[in-house]
Amino acid sequence: SKWASPDMFAYVLLMYLVRELDHPPTLEAVGHLNLGFTSFALFCIFSTVACLGIQAPELPASATALAVASEPTPLRRKLRSVVSFVATFLFVAFAATLAIGASLPCMALHLDLDTLFEPA
Numbered sequence: 002s003k004w005a006s007p008d009m010f011a012y013v014l015l016m017y018l019v020r021e022l023d024h025p026p027t028l029e030a031v032g033h034l035n036l037g038f039t040s041f042a043l044f045c046i047f048s049t050v051a052c053l054g055i056q057a058p059e060l061p062a063s064a065t066a067l068a069v070a071s072e073p074t075p076l077r078r079k080l081r082s083v084v085s086f087v088a089t090f091l092f093v094a095f096a097a098t099l100a101i102g103a104s105l106p107c108m109a110l111h112l113d114l115d116t117l118f119e120p121a
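Each residue of the sequence shown is one higher than the one before, counting from 2 in my numbering.
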């Protein structure tokens with residue numbers, strides 16, 4: 002699937018990050034990608050390769066001529082303006098929620114500072 006492959010790379014990068022954080026006894030970070038990840042990676046690779054073999058069907062000549070020759074009706078023109086308004090509203094809502102989400106923390110790393118310093 003087209004959305005599963007980026008997830009696979011995100012898992013690999015997250016595992017790299019976790020492994021680089023492993024500094025016992027101050028910070029212990031253990032992560033393993035087992036058989037489930039291997040199966041998921043193979044699914045991503047094979048589904049991408051399988052999709053390369055799918056070809057779109059050709060449109061019949063009559064459907065192409067009909068699409069070019071048709072004049073938009075008043076209802077269609079009205080529908081276009083409604084769709085434009087809804088799309089603009091959804092974009093503004095998306096931009097606002099994206100800005101709010103980007104300004105809020107979504108991950109945190111808490112360290113026990115007492116373990117970082119030797120007792121006096």
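C-beta atoms are modelled at their ideal positions from N, C-alpha and C, and glycine is treated no differently. Predicted, not measured: the structure shown is a model, and the values here were computed from it.
Taking the C-alpha atoms as reference points, what is the distance between residue i and residue j?
i: Asp1; j: Val93; result: Here the chain covers residues 2 to 121 and nothing more, so residue 1 does not appear.
i: Val84; j: Ala96; result: 18 Å
i: Pro73; j: Tyr17; result: 55 Å
i: Gly54; j: Phe47; result: 11 Å
i: Cys52; j: Met9; result: 17 Å
i: Leu36; j: Leu105; result: 35 Å
i: Arg77; j: Gln56; result: 31 Å
i: Cys45; j: Tyr12; result: 13 Å
i: Leu14; j: Asp23; result: 15 Å
i: Leu112; j: Arg20; result: 16 Å
i: Pro25; j: Pro120; result: 18 Å
i: Val50; j: Thr89; result: 36 Å
i: Thr27; j: Gly102; result: 31 Å
i: Leu80; j: Ala100; result: 30 Å
i: Phe118; j: Val87; result: 57 Å
i: Ser82; j: Thr98; result: 24 Å
Which residue marks the beginning of the alpha helix (DSSP H) containing residue i, and which one marks its end?
i: Glu21; result: Ala5 to Glu21
i: Val83; result: Pro75 to Ser104
i: Leu36; result: Leu36 to Cys52
Are the C-beta of residue i and some C-beta of chain D separated by less than 8 Å?
i: Leu22; result: As a matter of chain content, chain D is missing from the structure shown, which is built from one protein chain.
Run through the DSSP bridge pairs and tell me what residue i is partnered with.
i: His24; result: Leu28
> Is there contact here, the stretch 52-63 with the stretch 15-31, by at least three beta-carbon pairs under 8 Å?
Replying inline: no
> On the three-pair Cβ rule with 8 Å, is the stretch 2-18 touching the stretch 40-49?
Replying inline: yes
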